[in-house]
Ligand code: SF4
Ligand code: SF4
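In the numbering used here, the protein residues as written are 541 to 629.
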C-alpha cells in the first residue's frame, strides 16, 4: 500500500507564511523542484512558485532554501517553532 505523504502532517493553525521566493533572483535551475519531497514547488512557463497551500504540507526541512544557490528562497521556521505534527510517522 502506498503512503499518502500529503496526509502525514497537520499544521498547527496560525503559523502564517514562512517561505517566499524572489523571482527576480531565481535562475530557473529547478533545484527546489527536484529536492522537495513533498512536491510543493512548481514551474509554469518561466516562473517558479510554491503551491498556495504549502503551509499545510511543508515538512520544514529547509532543503529548498539550502539548495537555492541564488538566494531566491527565503525560509524561516514558522512562528511559534515547528508547526507540524506527525500523525503516522
Ligand atoms: S532553487 Fe532557487 S534559483 Fe533554482 S529554481 Fe528554485 S528558486 Fe529558482
Ligand atoms: S522546506 Fe522542505 S518540504 Fe518545505 S517546501 Fe522546502 S523542500 Fe519542500
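Virtual Cβ for every residue (Gly too), placed ideally from N, Cα, C.
The structure displayed is predicted, hence computed values, not measured ones.
- Where residue 584 is concerned, the enclosing beta strand (DSSP E) starts and stops at 581 to 584.
- Take residue 614, set aside five residues on each side of it, and the residues of its chain with a beta-carbon closer than 8 angstroms to its own are 559, 560, 561, 562 and 605, in chain order.
- For residue 614, the enclosing beta strand (DSSP E) begins and ends at 613 to 615.
- Residue environment for residue 601: exposed (fewer than 16 other C-beta atoms within 10 angstroms of its C-beta).
- Shortest gap from the CB of residue 571 to any heavy atom of ligand 1: under 7 angstroms.
- Per DSSP, the continuous beta strand (DSSP E) segment holding residue 560 begins and ends at 559 to 561.
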